[in-house]
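Colleague: Below is a structure I'd like to ask you about.
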Amino acid sequence: TTVIAAKYGLKVPRTAQRWVEAFRKHGDEGLMRKQHGGRKPVLNESHKAYLTALFDDNPAATIDEAIDGLTKDFVGLEIKRSAVNNFLKHEMKMTFKKVQLHAEARDSP
């Protein structure tokens with residue numbers, strides 16, 4: 379197992395020993411990452427549909443407007459700005475860009 383550890387760049391041979399042991403007991407499944415527990419997501423598919431409609435109707439809408447709309451339309455929903463931002467970024471693949479305003483060219487010199 380020291381050879382295996384060196385082959386995969388592991389500094390601790392015990393890691394390779396655990397991998398071999400897991401493979402012998404459970405086959406390929408033993409080497410797969412296990413899901414860890416965690417907090418259940420606050421936002422679901424109905425919230426996703428609401429946010430999609432909101433940003434389709436008003437592309438300039440802000441996260442704060444999204445939070446206001448969500449808390450008004452979904453009674454009892456309490457959510458932080460960071461949770462909505464993370465949901466938009468990771469689940470809906472949406473990001474916010476800063477609006478750049480450009481001065482309009484003048485007609486006179």
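Number 487 marks the last residue of the sequence shown (my numbering); no jumps.
We put the CB at the ideal spot given by N, CA and C, even for glycine.
In this text, all values refer to a predicted model and were calculated from it rather than measured experimentally.
Evaluate the contact criterion for the segment 426-434 versus the segment 470-485: three or more CB pairs, one atom per stretch, below 8 Å.
Modeller: yes
Colleague: Give me the Cα-Cα distance between arginine 417 and isoleucine 457, rounded to the nearest whole angstrom.
Modeller: To locate residue 417, count along the sequence shown from 1; it is residue 39. To locate residue 457, count along the sequence shown from 1; it is residue 79. Approximately 14 Å between the Cα atoms of the pair.
Colleague: Does the pairing of the segment 446-461 with the segment 407-423 give three or more beta-carbon distances under 8 Å?
Modeller: yes
Colleague: Using 10 angstroms around the beta-carbon of valine 453, count the other beta-carbons present and answer buried if the total reaches 16, otherwise exposed.
Modeller: Residue numbering aside, residue 453 sits at position 75 when the sequence shown is read from its first letter. Counting Cβ neighbours within 10 Å, valine 453 comes out exposed, since fewer than 16 surround it.
Colleague: For the putative contact between valine 462 and alanine 438, defined by C-beta atoms under 8 Å, what is the C-beta separation to the nearest angstrom?
Modeller: Along the sequence shown, read from residue 1 onward, the residue named residue 462 stands at position 84. Along the sequence shown, read from residue 1 onward, the residue named residue 438 stands at position 60. About 16 Å; that fails the 8 Å criterion.
Colleague: Whole angstroms are fine: how far does the CA of leucine 466 sit from the CA of glutamate 447?
Modeller: Stepping through the sequence shown from its first residue, residue 447 is reached at position 69. Stepping through the sequence shown from its first residue, residue 466 is reached at position 88. Strictly speaking, residue 447 in this sequence is glycine, with glutamate absent from that position. If you take the alpha carbons of glycine 447 and leucine 466, they lie about 15 Å apart.
Colleague: For methionine 410 and tyrosine 386, I'd like the C-alpha separation in whole angstroms.
Modeller: Residue 410 sits at position 32 when you count from the first residue of the sequence shown. Residue 386 sits at position 8 when you count from the first residue of the sequence shown. Cα to Cα, methionine 410 sits roughly 16 Å from tyrosine 386.
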